[in-house]
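Note sheet for the following structure.
Protein chains in written order, with the working numbering: chain G, 58 to 376; chain X, 58 to 376.
Written out as structure tokens, the structure reads:
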């Protein structure tokens, strides 16, 4: 098979041995793979794959089963999308059958490649960890990112109100079209006052930034508010106001999806299939794909993501 | 009635008007009142009573119902203990009937006066917020305090293992006798290595200290570990390592009991009655009373608590 390998820091399309499925695993002939910001961090050496994971980049794919589990749910030829701990930038990948889902009705393979990682991420963080309810006011940073566009749509689907921060007016317009109730371009100035003017305070924040945003997060979080940290784009050292944490009963929750066990990821995927997949099928929500790029040109795809110009997902397609 | 009032910073036994119960409230003729560290903070002006609460100090009492709710659970003459938002340092107090519990079988009124606040605190923070399970390794700071002695006994009752930090060898011995598996005298040096030697890492920390302990907390917290902050004895400004928070999926949870609504406190008390009160009755756990002091001498009781020499609770008794 072919896969992207990282050689001296550059991405190269290389022939490598195809993986063999272990017990409970299927093999997928990959049609498309989603690009995630985590891939760029891993490539830079700052997000090593968890033990047992493929060293190849790529956390999600769509494709066709080419080796099935005997007596399993999926048969050879079935169209699936899958959540990986690695290995997606390749023509073939193995993954636990439990971490595969059928391609939602109405989506093509490019769209399906970019939904599992971001929707599992937002389900895990907003619903499971953040205990989002229909009464909640939710602040979503990087609202136009892959995770952001999924987060604001999931919040809308479950009845919560959303405010986004983004990096351009164009992104803000797009988020509004996807259901964000309000938002700000962070280049226009501080967002704290805008959030307070919108809803007084918020109940839940989804934050890929970290340091630099924590102080403001504590300012806008209401009593019993939850701050879910899913990235460190702003750095890792921050000061926390423990007085506010205590008196307001705030919660600071660190989260990564990739290192969770299969046993903890599988229920997330089942919840997506039950609650989110039908909403793709009937158009209540939609995948947001910014560009699809041939997989051998993965370098260009990473440049796109690095540019911070993208809205939604960049997807790689196999030749 | 008589109550303790704060005049120019000193505590004085003063005649004041007796309170009248509102809807759903009973009045208790107080026999004894527990002293909590929060009382000292409130007296110093740094922990104002929540809206609607009595300005009189005192978060828990035992006594006898002298005005009942019509058709309610308790009748005039019933012996109860109660969780208050204030008003305990007095001969009479009014409180929602839902926040009263019968005095556990086998306990006298002095013992009963010092159990509701601390046991509600540890149930709320270890079980509800900290999601303590029987497999957990639990670190309890100030293990010999009222809250600490309840926390280590609750953990033991539910099957979890405990490590305490305390301020003297005497306190450590007492905590061991109450079920702490291990512990350190914090004056003997840093506790991080001792905790790691004990169990590698911990799943849950109950911390009344705050600043000064957060960095070490993050060092000893395992993946999915929870740090529940219930006090600020060490100050309110601290640096947090967001990298560790994220990668280890740590949770920093601020908590206060007093400001919770009656609707959220009542289930805590029902859980205590079901799970903890029978354990008092059959001796699996025991109240820890360090001293009882006549209520008009409340000043002396506060000096005792300030001394940090006490093990367990100081209780005030009405004349």
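Glycine included, every Cβ here is placed at the ideal spot set by N, Cα and C.
Is the Cβ-Cβ distance between residue i and residue j less than 8 Å?
i	j	result
residue 148 of chain X	residue 86 of chain X	yes
residue 81 of chain G	residue 151 of chain G	no
residue 157 of chain G	residue 170 of chain G	no
residue 345 of chain X	residue 92 of chain X	no
residue 115 of chain G	residue 90 of chain G	yes
residue 220 of chain X	residue 256 of chain X	yes
residue 119 of chain X	residue 166 of chain X	yes
residue 258 of chain G	residue 278 of chain G	yes
residue 369 of chain X	residue 206 of chain X	yes
residue 309 of chain G	residue 183 of chain G	no
Under a CB-based cut-off of 8 Å, is residue i close to chain G?
i	result
residue 202 of chain X	no
residue 315 of chain X	no
residue 168 of chain X	no
residue 294 of chain X	yes
residue 312 of chain X	yes
residue 253 of chain X	no
residue 289 of chain X	yes
residue 369 of chain X	no
residue 300 of chain X	yes
Taking 8 Å as the threshold (beta carbon to beta carbon), is residue i in contact with chain X?
i	result
residue 240 of chain G	no
residue 127 of chain G	no
residue 304 of chain G	yes
residue 297 of chain G	yes
residue 268 of chain G	yes
residue 156 of chain G	no
residue 286 of chain G	yes
residue 99 of chain G	no
residue 307 of chain G	yes
For residue i, report the span of its beta strand (DSSP E) as first-last.
i	result
residue 60 of chain X	59-64
residue 220 of chain G	218-223
residue 204 of chain X	First-last for residue 204 of chain X: 203-214, but that is the alpha helix (DSSP H), not the beta strand (DSSP E).
residue 149 of chain X	149-153
residue 350 of chain G	346-351
For the alpha helix (DSSP H) holding residue i, just list the boundary residues, first then last.
i	result
residue 230 of chain G	226-234
residue 178 of chain G	173-179
residue 254 of chain X	249-256
residue 359 of chain X	355-363
residue 300 of chain G	299-304
residue 130 of chain X	First-last for residue 130 of chain X: undefined, no H or E at that position.
residue 274 of chain G	271-277
residue 326 of chain G	319-328
residue 237 of chain X	Per DSSP, residue 237 of chain X belongs to no alpha helix (DSSP H) and is neither H nor E.
residue 97 of chain X	94-100
Please list, in chain order, all residues of the same chain as residue i whose beta carbon is under 8 Å from its beta carbon, the five residues on each side excluded.
i	result
residue 291 of chain G	266, 267, 268, 269 and 270
Nearest-angstrom Cα distance between residue i and residue j?
i	j	result
residue 211 of chain G	residue 203 of chain G	12 Å
residue 254 of chain X	residue 196 of chain X	13 Å
residue 121 of chain X	residue 136 of chain X	5 Å
residue 285 of chain X	residue 351 of chain X	34 Å
residue 322 of chain X	residue 174 of chain G	39 Å
residue 69 of chain G	residue 199 of chain X	57 Å
residue 251 of chain X	residue 145 of chain G	43 Å
residue 247 of chain X	residue 97 of chain G	39 Å
residue 79 of chain G	residue 364 of chain G	38 Å
residue 342 of chain X	residue 161 of chain X	12 Å
residue 313 of chain X	residue 356 of chain X	25 Å
residue 234 of chain X	residue 336 of chain X	16 Å
residue 164 of chain X	residue 172 of chain X	10 Å
residue 332 of chain G	residue 124 of chain G	28 Å
residue 218 of chain G	residue 238 of chain G	6 Å
residue 101 of chain G	residue 66 of chain G	8 Å
residue 83 of chain X	residue 117 of chain X	14 Å
residue 72 of chain X	residue 60 of chain X	6 Å
residue 129 of chain X	residue 153 of chain X	11 Å
residue 354 of chain G	residue 272 of chain X	44 Å
So, at 6 Å on beta carbons, what are the nonlocal neighbours of residue i in its own chain, with the 5 sequence-adjacent residues on each side left out?
i	result
residue 325 of chain G	177, 180 and 181
residue 281 of chain G	306
residue 261 of chain X	187, 189, 193, 195 and 283
residue 367 of chain G	347 and 361
residue 301 of chain G	275
residue 76 of chain X	151
residue 229 of chain G	223, 240 and 242
Excluding five sequence neighbours on each side, which residues of the same chain lie with their C-beta closer than 7 Å to the C-beta of residue i?
i	result
residue 358 of chain X	92, 350, 371 and 373
residue 112 of chain G	106 and 143
residue 226 of chain X	242
residue 209 of chain G	197, 200, 219, 221, 232, 235, 236 and 237
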